[in-house]
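In the numbering used here, the protein residues as written are 44 to 297.
Glycine is no exception: its CB is placed at the ideal position from the N, C-alpha and C atoms.
Just so it is clear, the structure is predicted and the values come from calculations on it, not from any experiment.
Read through the structure below, which is laid out as structure tokens, and then see the notes.
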């Protein structure tokens, strides 16, 4: 895995890598601006002054209630942005990962034949589906993150484990389904699920480090190509032939 990450880092200057990093950053900003707007509108619609206890506090604080409420809401949005950035960036970048995979394969694995491929529509559907899943799971798990962080100091561990599994699996499927049918890709994943989850945990951690989080998803995609091609059981799962046309099978079949 260390060698896979080193090879990915060495190729970071590839123009295709830079283009996908830019797309991922712009898309993530758009997602979080939309999320912040929706949360702000939803909170503004709540009749706080009529609620028990909160209403009394609002009357007692007066204008300070709005000030403190705005600060609290901004803090909540900031926390959610921090927690959700890794999966959101992954989902956005995932739409363009075909370019990254092709760049890595052409440089390091020129003997590989053509991939099974996927359409732009399928890639977008896959990215939206993954984004929905990770946002939902993280919102559900958010109270557990905070509770464990306060009580046991283990909230971060749960966060990295949950998102490491999701991110590792997502990157694996993006890469594996270019070469294998969904059934065979899943069989290979089960043989190496621990390694793939560890891969995800490492990159989720990198995605929470400022500056590194801007390039980590692209590095993860490139590194996963190397990890996939060097899995011990990979030789037992040779590539499936490319399929084209309306009946072709692809990532969208997940």
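Secondary structure of residue 90 (DSSP, three-state): coil.
In this structure, residue 218 sits away from residue 250, with a CB-CB distance that is not shorter than 7 Å.
Within 10 angstroms of the beta-carbon of residue 93 lie fewer than 16 other beta-carbons, which makes it exposed. Between the beta-carbon of residue 60 and that of residue 143 there is about 6 Å, and that keeps the pair under the 8 Å contact cut. Distance check between residue 175 and each of 134, 106, 146 and 206 places 134 closest, using alpha-carbon atoms only. Contact annotation: residue 260 and residue 136 have beta-carbon atoms nearer than 7 Å. Counting along the chain, residue 247 sits inside the alpha helix (DSSP H) bounded by residues 236-250. Contact check for residue 122 and residue 262: beta-carbon distance about 25 Å, past the 8 Å limit, so the pair fails to qualify. Put simply, the segment 264-279 touches the segment 147-156. At least three CB pairs are less than 8 Å apart. Residue 213 has its alpha-carbon roughly 10 Å from the corresponding atom of residue 220. The segment 271-281 makes contact with the segment 228-235: 3 or more CB pairs, one atom from each, lie closer than 8 Å. Within the segment 93-137, the runs of alpha helix (DSSP H) at least 4 residues long that lie entirely inside it are, in chain order, 97-104 and 106-137. In this structure, residue 257 lies near residue 68, with their beta-carbon atoms less than 7 Å apart.
In the three-state DSSP reduction, residue 282 falls in the coil class, being neither helix nor strand. Annotation for residue 276: 231, 234 and 235 place their beta carbon closer than 7 Å to its own, counting only its chain and skipping 5 residues before and after.
In the structure shown, residue 142 adopts helical secondary structure according to DSSP, grouped into three states. Residue 259: member of the alpha helix (DSSP H) spanning 255-272, first to last residue. Residue burial annotation: residue 74 is buried, with at least 16 other C-beta atoms found within 10 angstroms of its C-beta. Under the three-state reduction of DSSP, residue 44 is assigned to coil, being neither helix nor strand.
In the displayed model, residue 208 falls within a helix according to three-state DSSP.
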